[in-house]
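Asker: If you number the sequence shown the way the working numbering does, the last residue is 85 and the count never jumps.
Glycine included, C-beta positions come from ideal geometry on N, C-alpha and C.
All figures in this text were calculated on a predicted structure; none of them were measured in a lab.
Below: one structure in structure tokens.
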Amino acid sequence: MPTPEIPAQEPYSIQVEEGKKYFWCACGKSAKQPFCDGSHAGTGMAPTLYTADKSRTVFFCGCKQTDKAPLCDGSHAKL
Ligand code: FES
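Rendered as structure tokens:
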């Protein structure tokens, strides 16, 4: 299993829109965190699809260590 980079040691607070699809960067290489920009090519990793069930603020994982991808589970506190 490839190891992701750690672009941030805290989650990204993002306002999502109901029904909209978001591709969360799992590899940590994207320049458009927390979302995929295609930089995962060749890493063996791929983005995680998130579909917003309602419009609200979501905390996307920034450390890429979460067990609840793509959302923060507090794992950054253990880094
Ligand atoms: Fe990281 Fe696509 S750039 S998963």
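Measuring only the C-alpha atoms, how far is Glu24 from Pro8?
Answerer: 32 Å
Asker: Roughly how many angstroms separate the alpha carbons of Leu85 and Ser36, rounded to a whole number?
Answerer: Between the alpha carbons of Leu85 and Ser36 lies a distance of about 20 Å.
Asker: Which residue comes first and which comes last in the beta strand (DSSP E) that contains Leu55?
Answerer: That run of the beta strand (DSSP E) goes Thr54 to Thr57.
Asker: Is Asp59 near the ligand FES, judged by its Cβ being under 7 Å from some heavy atom?
Answerer: no
Asker: Beta-carbon separation of Pro40 and His46 under 8 Å?
Answerer: no
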